[in-house]
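Listed in order, the protein sequences are those of chains A and B. Heads up: take any position in the first sequence, counting from 1, add 446, and you land on our numbering. Heads up: take any position in the second sequence, counting from 1, add 446, and you land on our numbering.
Number of protein chains: 2
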Amino acid sequence: MNIRHLTFRLLQVYVAVVRAGSVSEAARRLHLTQPTVSQQLRRLAETVGEPLLESRQGRLVPTEAGGELYRASREVLGRFDDVEGYLASLRGGERGRCSIALVNTAQYVLPRLLGPYSQAFPEVDVTLHIGNRRQVLTRFERQDDDLYVFSHPPSLAHARAGRFLRNPLVVVAPQGHPLAGRERVAMSELLGERFLLREPGSATRMLFESWLQEQGLSLGPTLQMASNEAIRVGVASKMGLAVLSEHVLPPEHPDIAILPVTGLPIESHWQFIVRRDRRLPHAALGLLRFAEGHLGECVEARFLCNELAGLLAGLGSDP
Amino acid sequence: MNIRHLTFRLLQVYVAVVRAGSVSEAARRLHLTQPTVSQQLRRLAETVGEPLLESRQGRLVPTEAGGELYRASREVLGRFDDVEGYLASLRGGERGRCSIALVNTAQYVLPRLLGPYSQAFPEVDVTLHIGNRRQVLTRFERQDDDLYVFSHPPSLAHARAGRFLRNPLVVVAPQGHPLAGRERVAMSELLGERFLLREPGSATRMLFESWLQEQGLSLGPTLQMASNEAIRVGVASKMGLAVLSEHVLPPEHPDIAILPVTGLPIESHWQFIVRRDRRLPHAALGLLRFAEGHLGECVEARFLCNELAGLLAGLGSDP
DNA sequence: CTGCAACATGGAAGATTATCTATAACTTGG
DNA sequence: CCAAGTTATAGATAATCTTCCATGTTGCAG
Numbered sequence: 447m448n449i450r451h452l453t454f455r456l457l458q459v460y461v462a463v464v465r466a467g468s469v470s471e472a473a474r475r476l477h478l479t480q481p482t483v484s485q486q487l488r489r490l491a492e493t494v495g496e497p498l499l500e501s502r503q504g505r506l507v508p509t510e511a512g513g514e515l516y517r518a519s520r521e522v523l524g525r526f527d528d529v530e531g532y533l534a535s536l537r538g539g540e541r542g543r544c545s546i547a548l549v550n551t552a553q554y555v556l557p558r559l560l561g562p563y564s565q566a567f568p569e570v571d572v573t574l575h576i577g578n579r580r581q582v583l584t585r586f587e588r589q590d591d592d593l594y595v596f597s598h599p600p601s602l603a604h605a606r607a608g609r610f611l612r613n614p615l616v617v618v619a620p621q622g623h624p625l626a627g628r629e630r631v632a633m634s635e636l637l638g639e640r641f642l643l644r645e646p647g648s649a650t651r652m653l654f655e656s657w658l659q660e661q662g663l664s665l666g667p668t669l670q671m672a673s674n675e676a677i678r679v680g681v682a683s684k685m686g687l688a689v690l691s692e693h694v695l696p697p698e699h700p701d702i703a704i705l706p707v708t709g710l711p712i713e714s715h716w717q718f719i720v721r722r723d724r725r726l727p728h729a730a731l732g733l734l735r736f737a738e739g740h741l742g743e744c745v746e747a748r749f750l751c752n753e754l755a756g757l758l759a760g761l762g763s764d765p
Numbered sequence: 447m448n449i450r451h452l453t454f455r456l457l458q459v460y461v462a463v464v465r466a467g468s469v470s471e472a473a474r475r476l477h478l479t480q481p482t483v484s485q486q487l488r489r490l491a492e493t494v495g496e497p498l499l500e501s502r503q504g505r506l507v508p509t510e511a512g513g514e515l516y517r518a519s520r521e522v523l524g525r526f527d528d529v530e531g532y533l534a535s536l537r538g539g540e541r542g543r544c545s546i547a548l549v550n551t552a553q554y555v556l557p558r559l560l561g562p563y564s565q566a567f568p569e570v571d572v573t574l575h576i577g578n579r580r581q582v583l584t585r586f587e588r589q590d591d592d593l594y595v596f597s598h599p600p601s602l603a604h605a606r607a608g609r610f611l612r613n614p615l616v617v618v619a620p621q622g623h624p625l626a627g628r629e630r631v632a633m634s635e636l637l638g639e640r641f642l643l644r645e646p647g648s649a650t651r652m653l654f655e656s657w658l659q660e661q662g663l664s665l666g667p668t669l670q671m672a673s674n675e676a677i678r679v680g681v682a683s684k685m686g687l688a689v690l691s692e693h694v695l696p697p698e699h700p701d702i703a704i705l706p707v708t709g710l711p712i713e714s715h716w717q718f719i720v721r722r723d724r725r726l727p728h729a730a731l732g733l734l735r736f737a738e739g740h741l742g743e744c745v746e747a748r749f750l751c752n753e754l755a756g757l758l759a760g761l762g763s764d765p
């Protein structure tokens, strides 16, 4: 039997005939003419190399070979019905994979969104890749992931962006710092202090440095530390001052004071970035939709900045 | 996804590509050109309505949808491999159904053949229908069965026949009957005795009556009994004489004597009959082949008359 | 025996498929 | 950045599949 030219259609017709017990009846049910069905049947029997049906008192019943083919056909067609269901759930975003690359700082807040999302879509397999801005950019260039979270998007020629969260950067000092009680502090007053900074690839550092440059200021002594955690603990231990995202601070932070520096907080926003040239998996789209609808329930109101509707509209229209 | 134009061939190609992780490599393995495979792939993806593969550092790996399709394809192709195996065993006669209609008398001896056959081919489902000649003829007319066993075949226009067993009919008398010791007995000497006869549809009775007619003789008092068993017991109990197939007598029969009537035994033969107009199932053909090869081991040599080779040759050539 | 319903066959048109060659576009490792 | 290898696209052709209509054949019921 040469399986090559076997069509699922042929199996559908065959199954219909076996069920109907009659070629004509099957033809009616399939909205085909009787000769069409007869011929398909013959072709199938030729492919199999055995008679499939025989007439038993006016009813067509499968032969031994026909019975086996019928069983196999039912299983096979059923299996492909399953595939259709699976695809439907993929398309609905209820299932699938979604890979997200995050800048370091965003890891403090994104779980608030992903927790409820995973609850709602347990069949979606979300993978997070966390790195500093430079590392995430590399992943973006290599098209490693479906979604990216940046403060400042890379060139928008290849990507679409949608803001979803405010990310205010503030100057923090150890509790009890002489300037901590002041109503207003000028940045210039702080330049003599030691600043704890993230490594050069970091977005927080980049933002802070370009802000300083705009102001025409430059820092005195600095100390480089590779993680926000380390910096926060360092500040609490009076190693120096730092600029951090507010999200890095725990809700209660008795060891650390935010200094009311004029011109701060530096306002930036996290955005979801998607590449224009890569088809977004349904699951990733589903995640964005979920974020658009449920962000308000997941994060504090003061950080909220939901502009995802625009991104979604753009994705819906031309992918 | 429109399943209608989905070919098994397409799935084979797809599976090969996923396994190879490369279109070109799959093309080489399939002895196709690379563009052919590319195009099939595109068609498949169109049918499914989702991208199936994506390039991950130079290797093509299935997407979520592609993975599901791959699993389904493997299952489906595997299932049809099973069908092929099943068909092969059908064709080899190792499996299947075989329905046989027997005349009554043959039931004493056919099991000797069917026992070893069923042992050798346990997957073949043999059905026996036992009746007198008339009943079996009716089944033959209606084409109810694959094989028929008759002493005298119906018109050979619609059937082929092959003898396989002698069926000698003898006159039996109770042990101690006055003629039981004689060297020779003439039928005419027995006409005054009461004869126990089978019912009119029976082959044994037909044969006996036509033999009597040839001799210009006719019976005296008769008694009709519907089974060979009943007649045998009747004779043993001195109810009268009878004509029976030798096969009906047990190997040892101390109560019954065979009378050496001149002109007897009436020689007849059992034959396998197959209709010309009905395709013989492989299993039935296998049974005939088995009979042809093993009959000698199954029945006593004196009954042997294996002319099945001719029948098989006829079947092999044009069915 | 006759007629109807069911099945098979033949012929034909249009769509789809399978496959090729040639060529362009892209990826990737050096 | 280039060269090699991989993938995609285009165009072509023969085979096949799908489906129809018209017309035989056959088997069962009256």
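Each residue gets a CB set at the ideal place from its N, CA and C atoms; glycine is no exception.
The C-beta of Q717 (chain A) has 16 or more other C-beta atoms within 10 Å across all chains shown, which makes the residue buried.
In this structure V459 (chain B) is in contact with V483 (chain B), their Cβ atoms being roughly 6 Å apart against a cut-off of 8 Å. Beta-bridge analysis with DSSP links I449 (chain A) to no other residue. Counting the other Cβ atoms within 10 Å of the Cβ of N674 (chain B) gives 16 or more, which makes it buried.
Minimum Cα-Cα distance from L574 (chain B) among the listed residues B:R585, B:P624 and B:G647 corresponds to B:R585. Sixteen is the threshold: since fewer than 16 other Cβ atoms of the shown chains lie within 10 Å of the Cβ of V507 (chain B), the residue is exposed. The C-alpha of Y532 (chain A) lies about 17 Å from the C-alpha of L731 (chain A). I546 (chain A) is outside the set of residues whose beta carbon lies under 8 Å from a beta carbon in chain B.
With a 10 Å radius around the Cβ and a threshold of 16 neighbouring Cβ atoms, A534 (chain A) comes out exposed.
A buried status is given to L498 (chain B), since no fewer than 16 other beta-carbon atoms sit within 10 Å of its beta-carbon. Taken through DSSP and simplified to helix, strand or coil, A619 (chain B) comes out as strand. Under the DSSP assignment, P562 (chain A) falls in the alpha helix (DSSP H) whose first and last residues are L556 to A566. Residue-level contact check: V494 (chain B) touches chain A, since one or more beta carbons of chain A fall below 8 Å from its beta carbon. Closest option to R722 (chain A), judged by alpha-carbon separation, among A:A466, A:Y563, A:P614 and A:D591: A:D591. When secondary structure is reduced to three states using DSSP, D592 (chain A) falls in the coil class, being assigned neither helix nor strand. At least one C-beta of chain B is nearer than 8 Å to the C-beta of G542 (chain A).
Per DSSP, E655 (chain A) is not a residue of any beta strand (DSSP E); the alpha helix (DSSP H) it occupies stretches across A649 to Q661. For the C-beta of H604 (chain A), not a single chain B residue is nearer than 8 Å; the gap to the nearest is close to 17 Å.
A547 (chain A) is positioned such that its CB atom lies no closer than 8 Å to that of S597 (chain A). Against chain B, the beta carbon of Y532 (chain A) has neighbours under 7 Å at E514, listed in chain order. The beta carbon of R505 (chain B) is closer than 8 Å to those of G467 and S468 in its chain, skipping five residues each way along the sequence. Interface residue (Cβ-Cβ distance to chain B less than 8 Å): L705 (chain A) is not classified as such. Residues of the segment 561 to 594 of chain B that bring their beta carbon within less than 8 Å of a beta carbon in chain A are absent altogether. For L452 (chain B), the chain A residues whose C-beta falls within less than 9 Å of its own C-beta are T453, F454, R455 and F526, listed in chain order.
Across the set B:L653, B:V679 and B:R606, the C-alpha of B:R606 shows the shortest separation from the C-alpha of V720 (chain B).
Chain-order list of chain A residues neighbouring P727 (chain B): T509 and E510, by C-beta distance under 8 Å. Interface with chain B (8 Å Cβ-Cβ cutoff): E645 (chain A) is excluded.
When rounded, the separation of the alpha-carbon atoms in A688 (chain A) and R465 (chain B) is 53 Å. When Cβ pairs closer than 8 Å are counted between the two stretches, the segment 633 to 651 of chain A is seen not to touch the segment 740 to 754 of chain A, the count staying below three. If you look at G577 (chain A), you'll find it isn't in any alpha helix (DSSP H); it sits in the beta strand (DSSP E) that goes V570 to G577. Using a Cβ-Cβ cut-off of 8 Å, I719 (chain A) does not count as an interface residue toward chain B, since no Cβ of chain B sits closer than that to its own.
Straight-line spacing of the CA atoms in R612 (chain A) and P711 (chain A) works out to 11 Å.
Runs of the beta strand (DSSP E) lying entirely within the segment 453 to 512 of chain A, each at least 3 residues long, are 499 to 502 and 505 to 508 in chain order.
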